[in-house]
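Enquirer: Residue numbers 524 to 789, in the working numbering, belong to the letters of the sequence shown in order.
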Amino acid sequence: MTSKHTLALGIEYVGTDFCGWQTQPDVPTVQDALETALSSFLAEPVSTICAGRTDTGVHATQQVVSLTTEKVRSPQSWVRGVNALLPAGVSVRWAREMPEDFHARFSAGSRIYEYWIQNDPVRSPLWTGRAGWAFRPLAVERMEAAAQCLLGTHDFTSFRASQCQAATPVRTMTRMEFVTWGSLIGIRLEANAFLHHMVRNIVGTLVYIGQGREPVEWMKTVLEARDRSVAAPTFSPDGLYLTGVRYPGIPECATSKSPFGWVDAL
């Protein structure tokens with residue numbers, strides 16, 4: 524009897540041309556592109572489970588998926604063989620055989636996202652689709668101060684999309700860091716899990732504070748309100764990247780992979 528093998532794959536993609544990760548009828552999705560390539564490569568139907576479902580226009584440098592198959596291939600064969608069948612906007616970065624009980628979603632200890640903002644009076648076409656844009660000057664020190672109240676375990680209802688299907692709005696945020704690089708501002712967030720639109724809603728609120736439209740203390744007021752209508756509008760998906768998923772025992776996930784070279788040893 525042939526045994527099943529559990530695989531973890533590290534996936535990188537540009538989300539601009541996709542309607543998010545999750546398969547949907549009649550629109551292009553990353554999951555469909557990946558599963559079509561995997562099914563062709565293995566000559567059998569393949570279904571995948573991802574660590575985090577990204578939305579339309581959202582990118583990933585370190586998405587992790589799991590799958591099971593009876594076929595045996597070398598890590599290099601997985602990478603080269605599947606990439607030959609994928610569209611240009613998606614790539615398998617690494618492959619690793621895992622214990623039978625590995626699950627890309629439920630085995631993850633935390634997820635890391637980065638949001639990048641081009642802060643410039645004039646929108647640059649070079650960053651279109653790759654970074655959000657704020658034309659008013661942003662005071663990063665105000666944004667950093669406001670973000671501190673989000674650390675820890677909280678009810679994040681104020682930053683949750685109305686269509687979010689999570690069973691609970693409670694999440695634990697373990698990191699929020701900021702960096703500037705020329706006209707770009709990077710925001711890194713790590714939590715055990717994220718709600719639908721949670722990062723983009725937090726970024727929108729931070730932008731209001733960075734522009735001086737609201738005081739630093741407003742972030743705490745919004746968080747404690749547990750009311751989505753109190754927060755700022757959802758920010759653009761363009762600058763959002765899933766950059767890391769923390770798992771015990773997977774060296775390929777020991778470092779989150781920033782799209783702009785922001786080094787991060789987990």
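Cβ coordinates follow ideal geometry from the N, Cα and C atoms, glycine included.
R637 bridges to which residues according to DSSP?
Expert: The sequence given here has Glu at residue 637, not Arg. Paired residue(s): R711, Y764.
Enquirer: Would A531 and S589 qualify as a contact pair, given that the criterion is a beta-carbon distance under 8 Å?
Expert: A contact, by the Cβ cut-off of 8 Å.
Enquirer: Apply the 10 Å Cβ neighbour rule to P760 and answer buried if 16 or more other Cβ atoms are within range, or exposed otherwise.
Expert: Buried, because 16 or more other Cβ atoms sit within 10 Å of the Cβ of P760.
Enquirer: Among residues of its own chain, excluding the 5 on either side of S562, which ones have a beta-carbon nearer than 7 Å to its beta-carbon?
Expert: These residues qualify, in order along the chain: P568, V569.
Enquirer: Under the DSSP definition of a beta bridge, which residues are partnered with M562?
Expert: The sequence as given places Ser at residue 562; Met does not occur at that position. DSSP, once it has assigned bridges, lists no residue as partnering S562.
Enquirer: Candidates S685, V615, I773, V739: which alpha carbon is nearest T757's?
Expert: Closest by alpha carbon: S685.
Enquirer: In its own chain, which residues sit with a C-beta less than 6 Å from the C-beta of M621, not counting the 5 before and 5 after it?
Expert: Same-chain partners within the cutoff: T529, A531.
Enquirer: Mind checking which residues open and close the beta strand (DSSP E) that includes Y536?
Expert: Where Y536 is concerned, the enclosing beta strand (DSSP E) stretches over 528 to 536.
Enquirer: By a C-beta neighbour count over all protein chains shown, 10 Å radius and 16 as the cutoff for buried, is R646 buried or exposed?
Expert: Per the 10 Å Cβ criterion, exposed.
Enquirer: Just reading off the beta strand (DSSP E) that Q585 is part of, what are its end residues?
Expert: Unbroken beta strand (DSSP E) run through Q585: 582 to 592.
Enquirer: Consult DSSP for R619 and reduce its assignment to one of helix, strand or coil.
Expert: R619: strand per DSSP, three-state reduction.
Enquirer: Just to confirm, are S662 and G735 a CB contact at a threshold of 8 Å?
Expert: For the record, residue 662 in the displayed sequence is Ala; it is not Ser. In contact: A662 and G735 (Cβ atoms closer than 8 Å).
Enquirer: Could you tell me the distance, in whole angstroms, from the CA atom of V595 to the CA atom of V745?
Expert: Taking the straight line from one Cα to the other gives about 51 Å.
Enquirer: Is DSSP giving R603 helix, strand or coil here?
Expert: Looking at R603 - three-state DSSP - the assignment turns out to be helix.
Enquirer: Roughly how many angstroms lie between the CA atoms of G533 and Q554, to the nearest whole one?
Expert: Straight-line Cα distance between these residues: approximately 13 Å.
Enquirer: With 16 as the cutoff for other CB atoms within 10 Å, does K527 come out buried or exposed?
Expert: Label assigned to K527: exposed.
Enquirer: I'd like to know whether the C-beta atoms of T695 and A714 end up nearer to each other than 8 Å.
Expert: Yes, Cβ-Cβ distance for T695 and A714 is below 8 Å.
Enquirer: Quick one: what does DSSP say I685 is sitting in, helix, strand or coil?
Expert: Here residue 685 is Ser; the residue named in the question, Ile, does not match the sequence. It is coil, neither helix nor strand.
Enquirer: Report the rounded CA-to-CA distance for A668 versus P551, giving the unit in angstroms.
Expert: Answer to the nearest angstrom: the Cα atoms are 40 Å apart.
Enquirer: Rounded to whole angstroms, what's the CA-CA distance from G612 to N606? Just pull it up for me.
Expert: Those two C-alpha atoms are separated by around 10 Å.
Enquirer: For R723, does the three-state DSSP call read helix, strand or coil?
Expert: Three-state DSSP puts R723 in a helix.
Enquirer: Helix or strand or just coil, what does DSSP make of E700?
Expert: Of the three classes helix, strand and coil, the one that applies to E700 here is strand, per DSSP.
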